[in-house]
Amino acid sequence: MSDVNHLVSIVVLGTREELVGPCLRAIAAAADPSIPTETIVVANDGGGRLVELATSIDPDVVAVSPPANTGTAAGWNLGFDRARTPMVALLHEDAEPRHGWLAPLVEAVSSGAAISGSRLLLPDGGIENGGWVIWRDGAMTQLDATTAPEVMARTEPYPVDTCSSAAMLVDRAVWEEAGGFDERSFPAMYVDVDLATACWALGRRVVSVPRSVVTHRKNAMVREGGGTTRSFRYQRFLVERGRARFAAKWEASLADHVERQDDRPAWEADPAGVAVAVAQAAERAGRPGAAVVSLRAERPLTEGPPEQLAERLLGAQVTVLEVFADALVEDVTREVEAARVAEREAALAELERQDAGFREHLERQDASFREHLEEREANFRAQLADIGAERDRALARLRALEERRADGAVSRAGRALRRHDGV
-4 MSDVNHLVSI
6 VVLGTREELV
16 GPCLRAIAAA
26 ADPSIPTETI
36 VVANDGGGRL
46 VELATSIDPD
56 VVAVSPPANT
66 GTAAGWNLGF
76 DRARTPMVAL
86 LHEDAEPRHG
96 WLAPLVEAVS
106 SGAAISGSRL
116 LLPDGGIENG
126 GWVIWRDGAM
136 TQLDATTAPE
146 VMARTEPYPV
156 DTCSSAAMLV
166 DRAVWEEAGG
176 FDERSFPAMY
186 VDVDLATACW
196 ALGRRVVSVP
206 RSVVTHRKNA
216 MVREGGGTTR
226 SFRYQRFLVE
236 RGRARFAAKW
246 EASLADHVER
256 QDDRPAWEAD
266 PAGVAVAVAQ
276 AAERAGRPGA
286 AVVSLRAERP
296 LTEGPPEQLA
306 ERLLGAQVTV
316 LEVFADALVE
326 DVTREVEAAR
336 VAEREAALAE
346 LERQDAGFRE
356 HLERQDASFR
366 EHLEEREANF
376 RAQLADIGAE
386 RDRALARLRA
396 LEERRADGAV
406 SRAGRALRRH
416 DGV
């Protein structure tokens, strides 16, 4: 499987030219002559412009152009399928590796780690994270200067529950053992976490490597004015959906993880609890794993007939949009009811404090709240319309593909009949 000319394939999953360009230029600027590499771009823009951009920056780049947006897991799998090297590096399109980033990752994987992850920095130079810990409920906390200051002072690789695919190197053999990236997480979230957990189940370490530094802009999937599916609400929906699925799949493995001791969100976890979870990851690094992972990833999108890949991807897109629309209705209903109760309680509290002129005050409050509700309802309906439009476009593409396939079948049958009749 290994390409004799390369040691590492660098896979970039791209959707936006303004991000992919700086990423590829950073890869070229940080190239290490002692590590033969190839760069693979999975172009998810649908129009071919990313391929043109990539080849203008690096004429030797390998371009993979799927027929529809792959999401994260399927995109990574297509990149891995194209790679023929023993190690594969993943970079998000909004990541820019710094000089010397790759050699420490290669050293860690060569020394037995299944995955080695870079220290991620924010554009202003602050630490984004140096790996993550996973709690018993599947929620995660990134290791940074607030949650894990002692860990951030380390200079040598250390075990973590998972690393971010924003910048990580994977032992290809372990990826194959795990079954690849689990495409049931379409379109995104918990994809890298699932693979890291599979690696731990196989008894292989996942480490964060402080000497490998990559700048990460973060939240590339969120875009102002990009529609409902580019919103933070949609991102939060995918995060919770991914967490629930991950926790159900790996329930037995997570039983050994630390349970959070307070009600704070995972991203605000108590540093003392985080320290316990980090220590547990170090202890886990010494345990033997299973010879074969019992919960292999599934690839329902990329392992079927290649000519039907577009239908599978568009079908997955329709499904997730429908689920999101239902979740959006439930969320907005709860939010409106909570706002209604809070407003009424505030009015009643005002009544207790002040009798005179209360009715007039209450009427003003009600009028203001009705106006607020009307605005919320209009915004909500716009979001639903946005989701519906995206769903309809996906269905239209799906029907067009099916019609073209049916027309092709009729044409082939006609030609066969003419041959039979001697025409």
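So the sequence shown is residues -4 to 418, counted in our numbering.
Note that beta-carbon positions come from the ideal geometry of N, C-alpha and C, so glycine has one too.
Note: histidine 87 is bridge-paired with Leu8 in the DSSP secondary-structure output. The shortest CA-to-CA distance from alanine 311 to any of Arg149, Gly112, Ala161, Thr297 is the one to Thr297.
Exposure of aspartate 257 is indicated by the presence of fewer than 16 other C-beta atoms within 10 angstroms of its C-beta. The C-alpha of alanine 341 is placed about 13 angstroms away from the C-alpha of glutamate 358.
Taking a cut-off of 8 angstroms for Cβ pairs, the stretch 138 to 152 and the stretch 266 to 283 touch, as three or more such pairs fall below it. A distance below 8 angstroms separates the beta carbons of proline 61 and leucine 304.
In this structure, the beta-carbon distance from valine 37 to leucine 19 does not fall below 8 angstroms.
Under DSSP, the beta-bridge partners assigned to glutamate 33 are Ser4.
Beta-bridge partners of glycine 112 (DSSP): Met163, Ser203.
At a cut-off of 4 residues, the continuous stretches assigned as alpha helix (DSSP H) that sit fully inside the stretch 259 to 320 are 266 to 279.
For the pair alanine 68 and phenylalanine 232, the CB atoms are not nearer than the 8 angstroms cut-off.
The beta carbon of leucine 73 sits closer than 8 angstroms to the beta carbons of Val37, Val59, Pro61, Thr65, Thr297 from its chain, once the five residues preceding and following it are set aside; these are given in chain order.
The C-beta distance from leucine 138 to tryptophan 130 rounds to 13 angstroms, too long to fall under 8 angstroms, and the pair is not in contact. Here threonine 157 carries a strand assignment [DSSP, helix/strand/coil]. In this structure leucine 115 touches alanine 161 by the C-beta definition: roughly 6 angstroms separates them, less than 8 angstroms. For the set Ala78, Pro17, Ala24, the Cα lying nearest the Cα of isoleucine 35 is the one of Ala78.
In the structure shown, the three-state DSSP call for alanine 58 is strand. Per the C-alpha coordinates, the member of Val3, Thr32, Cys158, Leu390 positioned closest to leucine 308 is Leu390. Secondary structure at methionine 135: strand, using DSSP grouped into helix, strand and coil. The C-alpha of glutamate 370 is placed about 13 angstroms away from the C-alpha of alanine 334. At a Cβ-Cβ threshold of 8 angstroms, tryptophan 245 and leucine 290 count as neighbours.
Within the model, the alpha-carbon separation for valine 101 versus valine 315 is close to 37 angstroms.
Between the alpha carbons of valine 318 and leucine 379 lies a distance of about 12 angstroms. Asparagine 39 sits in coil when the DSSP states are folded into three classes, being neither helix nor strand.
Buried is the label assigned to threonine 10, since at least 16 other Cβ atoms lie within 10 Å of its Cβ.
In the DSSP assignment, tryptophan 71 falls within the alpha helix (DSSP H) that extends over 66 to 77. Within the model, the alpha-carbon separation for cysteine 158 versus serine 406 is close to 51 angstroms. Looking at the DSSP output, threonine 210 shares a beta bridge with Glu91, Leu116.
Check the Cα spacing between glutamate 302 and each of Leu393, Arg279, Ala276, Gly281: the tightest is with Leu393. Counting along the chain, the unbroken beta strand (DSSP E) around valine 128 starts and ends at 127 to 129.
If you compare the alpha carbons of His211, Val186, Met135 with that of isoleucine 122, the shortest gap goes to His211. Here methionine 82 carries a strand assignment [DSSP, helix/strand/coil].
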